[in-house]
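K.L.:
Just dropping this structure here.
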Amino acid sequence: MRRAIALSLAVAVAIIALGLTALGQMRPAATISTPQASAPNATAQTQPPVISSITPTSTPTASGIALEKLGAGNYEVNYTVYLKLCAGSVCFQMRSWAIYGEGPPGNYTYGIFAGKWPSLGEVTWEMWGATEGNKSYGITKMCIADLCANETFLPVITRVTLDKPLGECEVVVNGTKLKGVLSVRAHEAEFLDIRNGHMNETTCFFNGIPLRSEAKITGVEDRTAYVIIEAVWLRAFDEARFREILQIVK
C-alpha cells in the first residue's frame with residue numbers, strides 16, 4: 000500500500016493539529032507522568048528517553064549493533080525533528096525528537112515537541128501512538144506553562160516508502176556512516192491548514208528504513224511548511240517499549 004505522508008509529516012500533523020484544538024480546553028496538568036520536555040541533548044542522542052519503568056537493554060554503538068541486519072519491519076529509530084510553519088511573514092518553529100518503531104506485532108511512536116507559539120509563548124506537545132493489527136491508538140498532551148490538556152486521537156503512523164531511487168546518500172547513525180538510497184518525489188498534500196498544497200520530499204533510506212527526510216509544502220494564501228527529520232540512533236524493534244506504549248494508549 001502506497002503511503003502518501005512521510006513519518007515526519009504524520010507526527011507533526013498529529014501533534015499540532017490536535018494541539019490547536021486543545022487550546023480552548025486547557026486545564027490543570029493531567030495525571031500522565033512523563034519525562035521533562037526539552038530539546039535533544041548529548042544524553043538524549045545516545046540513550047532512548049525513559050518511558051515509565053522501561054530501561055533499554057543496550058545502548059546503540061557502532062560495534063554493539065549489527066546495523067546491516069536491520070530493515071523495514073524490524074527497527075527502532077530516534078529522530079530529531081525540525082518544523083517551521085509560516086502564514087505570510089508570521090512563522091512558528093519547533094525543534095524536538097521522536098522515537099518510531101516497527102515490528103511484527105505493530106508500530107509505535109513517542110515524542111516530545113517544543114517551541115514558541117506566537118502570542119502564547121513556550122508550548123510543549125507530547126505524543127504516544129501505536130498500531131495493533133488494523134487498529135490505531137494515540138494520546139497527545141499539550142502544555143502551556145503548567146496548564147495542560149490531554150486528547151485521544153487516531154494517530155497517523157505511516158512510514159516513508161521508497162519511490163524513485165535517484166542515487167546514493169550518506170547519514171551518520173550510531174557514530175557510523177551509512178550509505179543509503181536517495182528518493183525524491185513530489186505530490187499533492189494537505190498539511191495542517193494548508194489545503195491543496197504541493198509537497199517536495201527528499202528521503203535517504205538504509206535497508207528500507209528512512210534515516211533522513213526533508214520536505215517543503217507550499218499552499219494557497221502564502222502558507223508554507225518545512226520539515227526535517229534525521230536519525231540519531233538506530234537499533235532493533237523493542238517489543239517491551241511497544242507493549243508499554245500500547246498499554247498507555249489503549
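In terms of numbering that gives the first Met the number 0, the sequence shown opens at residue 0 and continues consecutively. The beta-carbon is built from N, C-alpha and C at its ideal position, and this holds for glycine as well. Here the structure is a predicted model, which is why all the values come from computation and not from measurement.
Across which residues does DSSP place Asn106 in a beta bridge pair?
P.N.:
In the sequence shown, counting from the first residue as 1, residue 106 sits at position 107. Under DSSP, Asn106 forms a beta bridge with Glu101 and Thr130.
K.L.:
Which residues does DSSP list as the beta-bridge partners of Ile244?
P.N.:
Within the sequence shown, numbered from 1, the residue matching residue 244 stands at position 245. BP columns for Ile244 are empty, so no partner.
K.L.:
When we look at the beta-carbon of Pro117 and count the other beta-carbons within 10 Å, is it buried (16 or more) or exposed?
P.N.:
Stepping through the sequence shown from its first residue, residue 117 is reached at position 118. So Pro117 counts as exposed.
K.L.:
Looking at Ala129 and Asn149, is the spacing between their C-beta atoms short of 8 Å?
P.N.:
Along the sequence shown, one-based indexing puts residue 149 at 150. Along the sequence shown, one-based indexing puts residue 129 at 130. In this structure, Ala129 does not lie closer than 8 Å to Asn149 by Cβ.
K.L.:
I'd like to check one pair, Phe236 with Gly70: are the Cβ atoms closer than 8 Å?
P.N.:
For the purposes of this step, residue 70 is identified with residue 71 of the sequence shown, where counting begins at 1. For the purposes of this step, residue 236 is identified with residue 237 of the sequence shown, where counting begins at 1. No, they are not a contact pair.
K.L.:
Between the stretch 234–248 and the stretch 217–225, do three or more beta carbon pairs fall short of 8 Å?
P.N.:
Taking 8 Å as the limit for Cβ pairs, the verdict is that the stretch 217–225 does not touch the stretch 234–248.
K.L.:
Where does the unbroken beta strand (DSSP E) through Leu210 begin, and where does it stop?
P.N.:
As a position in the sequence shown, residue 210 is number 211, starting the count at 1. Element bounds for Leu210: Ile208 to Thr217.
K.L.:
Please classify Lys249: does DSSP put it in a helix, a strand, or coil?
P.N.:
The residue given as residue 249 occupies position 250 in the sequence shown. Lys249 falls in the coil class under three-state DSSP.
K.L.:
Can you give me the C-alpha to C-alpha distance between Gly174 and Ile228, rounded to a whole angstrom?
P.N.:
Here residue 174 refers to the residue found at position 175 when the sequence shown is read from its first residue. Here residue 228 refers to the residue found at position 229 when the sequence shown is read from its first residue. Gly174 and Ile228: Cα-Cα distance of roughly 17 Å.
K.L.:
Take Leu84 and list the residues in its own chain whose beta-carbon comes closer than 6 Å to its own, dropping the five residues that flank it on each side.
P.N.:
Along the sequence shown, read from residue 1 onward, the residue named residue 84 stands at position 85. Counting only Cβ-Cβ distances below 6 Å, and skipping sequence neighbours, we find Phe91 and Ala224.
K.L.:
The beta strand (DSSP E) that contains Pro164, what's its start and end?
P.N.:
As a first step, residue 164 must be located in the sequence shown, where it is residue number 165. Here the beta strand (DSSP E) through Pro164 covers Pro164 to Val172.
K.L.:
Looking at Lys163: is its Cβ nearer than 8 Å to the Cβ of Val180?
P.N.:
The sequence position of residue 163 within the sequence shown is 164, counting from 1. The sequence position of residue 180 within the sequence shown is 181, counting from 1. Result no, Cβ atoms of Lys163 and Val180 do not sit closer than 8 Å.
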